[in-house]
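Each remark here refers to the structure printed beneath this line.
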Amino acid sequence: MSFLNTIRGLGRSIKKKHKDYEPQGILYGGSAASPQLQRCHTGGRLSPQKQRTSMILFAPSSPTKKTRSHRAQLPQRPDAQGAPAHDATAPPPLFLCQPYFKTALVKGSFKTIVKLPKYVDYGEWMALNIFEMYGHLNLFYGVISEYVTPYAYPTMNAGPSVNYTWRDSSGQCVDLPAQQYIDFVLRWISSKINDQAVFPTKNGTAFSLLFVKDCKNIVRQMFRIFAHIYHNHFEKLLHLLLEAHWNSFFAHFISFCKEFLLLERAELAPLLPLVENLEAQSKII
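Numbering (our numbering), first residue to last: 47 to 331.
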């Protein structure tokens, strides 16, 4: 499929009016862009969990970095609660066990898929890929969202030593159940994608000077959802025979972030052993 057909399939044509985003179609096919994704008016549907968001007691403000507690200052280190990021004596998580970490749909690296094509605008390529990856992540989350309950996951964690918090409207970092945190993140990303000032779709409209910063903030939050799912829900994907799709999607995502320097290495700590393993397999270059 050509790049122009991909653009048309994603609904980023200048002939279409600006509408809210709704992911459609298959989970992940390993392509550079999916024609099943389109922007259409849905009132901002994000996931099957939307009906539960009415129980949220405060409105989303903005994501923030992981903290030692909801009263602590935001540290730069990923081991949020003072524990080491990886315990050498503990058994490895399921996603790092044989043969699961080698299961994938795509052989070889994603280098050629994520590389900026010749004559394609940098901003458009970034927007296209983030738009598509957000759609895939939303669909994957929909598969396991019924299990992400406040009782089972009272905090947004990525393993026993990493806990993510949310910055509320007053500027304080608060602990949220994983369900609320992820719904907030998906809604926040959706608002960015559908904001013409951030992701313009009209012909001749330039991307803002803060576009790259916005992209970095978006992929940082997307990574945290990846980390939460890997550490807490990988066995559910395994039972549904989706581990190959999920691993390939993650390798694609990290390859894109690495190609355009969107994530700091320290931010990868909860999944760094997996990233290093994928690098050793030459899936990420």
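A virtual CB, placed ideally from N, CA and C, is assigned to each residue, including glycine.
>> So within the segment 137-205, which uninterrupted alpha helix (DSSP H) runs reach at least 4 residues, ignoring any that extend past its ends?
In response: 157-160 and 168-190
> For ASN293, which three-state DSSP category applies?
Replying inline: helix
> Mind checking ASP229: buried by the 16 CB within 10 Å criterion, or exposed?
Replying inline: buried
> Counting along the chain, where does the alpha helix (DSSP H) carrying PRO319 start and finish?
Replying inline: 318-326
>> Which residues does DSSP list as the beta-bridge partners of TYR276?
In response: Answer by DSSP bridge pairing: none, since TYR276 is not bridged.
> Which value, in whole angstroms, describes the spacing of the CA atoms of GLN309 and ARG266?
Replying inline: A quick correction: the sequence has Leu, not Gln, at residue 309. Near 7 Å, if we compare the C-alpha coordinates of ARG266 and LEU309.
> Would the beta-carbon of ASN278 fall within 8 Å of that of TYR187?
Replying inline: no
>> DSSP three-state label for VAL231, please.
In response: helix
>> Quick check: what's the CA-CA separation for PHE269 versus PRO138?
In response: 20 Å
> Run through DSSP, which three-state label would ASN209 get?
Replying inline: strand
> Per DSSP, what kind of secondary structure is PRO244 in: helix, strand or coil?
Replying inline: Inspection of the sequence shows that residue 244 is occupied by Val rather than by Pro. VAL244 falls in the coil class under three-state DSSP.
> Can you give the Cα-Cα distance for LYS161 and ALA297, rounded to whole angstroms?
Replying inline: 14 Å
> Residues bridged to VAL220 by DSSP?
Replying inline: TRP212
> Do ALA243 and THR149 have their C-beta atoms within less than 8 Å of each other?
Replying inline: no
> Can you tell me whether DSSP reads ALA312 as helix, strand or coil?
Replying inline: helix
> Are SER301 and PHE156 closer than 8 Å when you measure CB to CB?
Replying inline: yes
> How long is the line joining the alpha carbons of PRO163 and LEU183, rounded to whole angstroms?
Replying inline: 24 Å
>> Quick check on this structure: which residue in LYS153, TRP171 and VAL152 has the alpha carbon closest to the alpha carbon of PHE253?
In response: TRP171
> What number of angstroms, rounded off, separates the C-alpha of LYS248 from the C-alpha of TYR168?
Replying inline: 16 Å
>> Quick check: the Cα distance between PHE295 and ILE275, rounded to an integer number of angstroms?
In response: 13 Å
> When you compare only the Cα positions, how much space is there between ALA273 and LEU317?
Replying inline: 6 Å
>> Quick check on ALA312: buried or exposed, where buried means 16 or more other Cβ atoms within 10 Å of its Cβ?
In response: exposed
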